[in-house]
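**Q** In my numbering, each number is its position in the sequence shown, counted from 1, plus 88.
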Amino acid sequence: MRVYRIARKRHLDDLTGVGAKTFGGRWNHRGAAILYASETRSLAMVEFLVHVSWMQAPGDLGMATLEIANEIEPESLSPADLPEDWRHYPGPRKLADLGSGWVHSKRSLLLRVPSAVVEQEHNILINPGHSDIGRVTVLEVKDLEFDRRLLKQ
Numbered sequence: 089m090r091v092y093r094i095a096r097k098r099h100l101d102d103l104t105g106v107g108a109k110t111f112g113g114r115w116n117h118r119g120a121a122i123l124y125a126s127e128t129r130s131l132a133m134v135e136f137l138v139h140v141s142w143m144q145a146p147g148d149l150g151m152a153t154l155e156i157a158n159e160i161e162p163e164s165l166s167p168a169d170l171p172e173d174w175r176h177y178p179g180p181r182k183l184a185d186l187g188s189g190w191v192h193s194k195r196s197l198l199l200r201v202p203s204a205v206v207e208q209e210h211n212i213l214i215n216p217g218h219s220d221i222g223r224v225t226v227l228e229v230k231d232l233e234f235d236r237r238l239l240k241q
């Protein structure tokens, strides 16, 4: 399985989840290390753009392609498994409770969750504390530039 993540290029080889651990996110509380990735490059871009205006976006962004061993099956959550307000921004605390609980349980390396931006697509959460984290490799890191038409404001 290949998944995609966007960050400053200097952080893309780091699979420790320190950024999310430091700041928290939709699917984790501060203190719970997690890596956020998307099933497609385009979803990764949309997920990034809903959080940062182009004028605030760092100039040193990259997109990493991560390879995850094919035999590793993700645990999955569907919208039916989530609270009614799961797509709200900011995300309801229940989502961070679910994700942080999953991280601490170490029961699986991957958690497939619906995107709050494009409900029919999915993000892949990666647990850096899981014993199979070595089965995730960074295949490539490429410079990322957004098409200016996406950045009109």
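Beta carbons are placed, not taken as given, at the ideal position from N, Cα and C, and that holds for glycine.
Keep in mind that this is a model prediction, so the values were computed, not measured.
On the DSSP bridge assignment, give the partners of Met-151 in chain order.
**A** Ile-94 and Lys-230.
**Q** Using a Cβ-Cβ cut-off of 8 Å (strictly less than) and excluding sequence neighbours within five positions of Asp-148, which residues of its own chain qualify?
**A** Excluding five sequence positions before and after Asp-148, the CB atoms of its chain that fall closer than 8 Å to its own CB belong to Arg-96, Lys-97 and Arg-98, given in chain order.
**Q** Going by beta-carbon coordinates alone, are Glu-135 and Val-201 separated by less than 9 Å?
**A** no
**Q** Measure the alpha-carbon distance for Arg-181 versus Gly-119 and round it to whole angstroms.
**A** Taking the Cα positions, Arg-181 is about 15 Å away from Gly-119.
**Q** Let me make sure I understand the geometry here. Which of Leu-232, Leu-238, Arg-237 and Arg-236 has the alpha-carbon closest to that of Leu-100?
**A** Leu-232
**Q** For Gln-208, which residues in the same chain have their Cβ closer than 7 Å to its Cβ, ignoring the five residues on either side in sequence?
**A** none
**Q** Short check: CB of Trp-38 to CB of Leu-213, under 9 Å?
**A** The structure shown does not extend to residue 38, since the chain is modelled only from 89 through 241, so no value can be given for it.
**Q** Going by the beta-carbon positions, is the gap between Ser-126 and Val-91 smaller than 9 Å?
**A** Cβ distance < 9 Å, so Ser-126 and Val-91 count as in contact.
**Q** Using a Cβ-Cβ cutoff of less than 8 Å, which residues in the same chain neighbour Glu-163 once the five nearest sequence positions on both sides are dropped?
**A** Trp-190, Arg-195, Ser-196, Leu-198, Leu-199 and Arg-200
**Q** Terminal residues of the continuous alpha helix (DSSP H) containing Arg-200?
**A** Not the alpha helix (DSSP H): Arg-200 falls in the beta strand (DSSP E), residues 198-202.
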